[in-house]
Amino acid sequence: AQKITQTQPGMFVQEKEAVTLDCTYDTSDPSYGLFWYKQPSSGEMIFLIYQGSYDQQNATEGRYSLNFQKARKSANLVISASQLGDSAMYFCAMMRSGAGSYQLTFGKGTKLSVIP
Amino acid sequence: KAGVTQTPRYLIKTRGQQVTLSCSPISGHRSVSWYQQTPGQGLQFLFEYFSETQRNKGNFPGRFSGRQFSNSRSEMNVSTLELGDSALYLCASGWGLESYEQYFGPGTRLTVT
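In structure tokens:
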């Protein structure tokens, strides 16, 4: 079975500083995908970044980067230059492949608060 | 390009009633997945549809069902509502073939009284 662990229930970061949100995963599948989503108080899940298990380089999307360490089974999200609008819940998720179906397994989430 | 839309956005139902939620995926996407989000259980997978066929189902009772139409729009039905069904129901759409991208809609917040 797949499992995602986010050990930080809540975090604070000063505006304009960088912050790392931790995510570890457990799977026996050789092929999988790792995602980070942002969920503001409105409830919508906003896609941030994706990393494939066979990707050699860490994924980056603007201010977001994914620090992928396959041997350690970790996929930490790094947000550079935090903004007040980054305050939200952040979810790490994993999708298995090869089964002909698409199902995301989510972690419990980390609530990020950006302080002005 | 329009995103994933879900209707209604908010819903209040009474215990024992049934409810139908709708999800329209991004144009061209053929996969629609449904998730339930509650404070206690977090985000849990309900089911996934691709080209009108259910490909995968989560661990939910038979009261939860769904279907997908030929235009890829999907509906989710919950019969005999219980208080514990109060949740945010999110749907996600994707290409469904060799692509992991999943984009979520704004969700339907269901309250059962």
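Order-wise, the sequence lines are chains A and B.
With the working numbering applied, the first sequence covers 1367 to 1482.
With the working numbering applied, the second sequence covers 482 to 594.
Note that the Cβ used here is the ideal one computed from N, Cα and C, for glycine as well.
Close to S1467/A, with beta-carbon spacing below 7 Å, are these residues of chain B in chain order: E529, R536 and N537. With contacts defined as CB atoms closer than 8 Å, G588/B and L571/B qualify as a contacting pair. Beyond the five residues adjoining it in sequence on each side, D1388/A comes within less than 8 Å, by CB distance, of Q1372, T1373, Q1374, S1440, N1442 and T1476 in the same chain, given in chain order. DSSP links C572/B through a beta bridge to W515/B. Distance between K538/B and Q1423/A, taken at the CA atoms: about 33 Å. Taking the CA atoms as reference points, T486/B sits about 24 Å from Q498/B. Taking S532/B as the centre and dropping the five residues before and after it, the same chain places the C-beta of R511 closer than 7 Å to its C-beta, in chain order.
Judged by beta-carbon spacing, V513/B lies beyond the 8 Å limit of S560/B, meaning their Cβ atoms are not closer than that value. Per DSSP, V1385/A is one residue of the beta strand (DSSP E) stretching across V1385 to L1387. Within the segment 1391-1419 of chain A, the residues whose Cβ lies closer than 8 Å to some Cβ of chain B are G1399, F1401, Y1403, S1408, G1409, E1410, M1411, I1412, F1413, Y1416 and G1418, listed in chain order.
One finds nothing in chain A with a Cβ atom closer than 9 Å to the Cβ of P506/B; even the nearest lies about 12 Å away. Under the three-state reduction of DSSP output, L492/B falls in the strand class.
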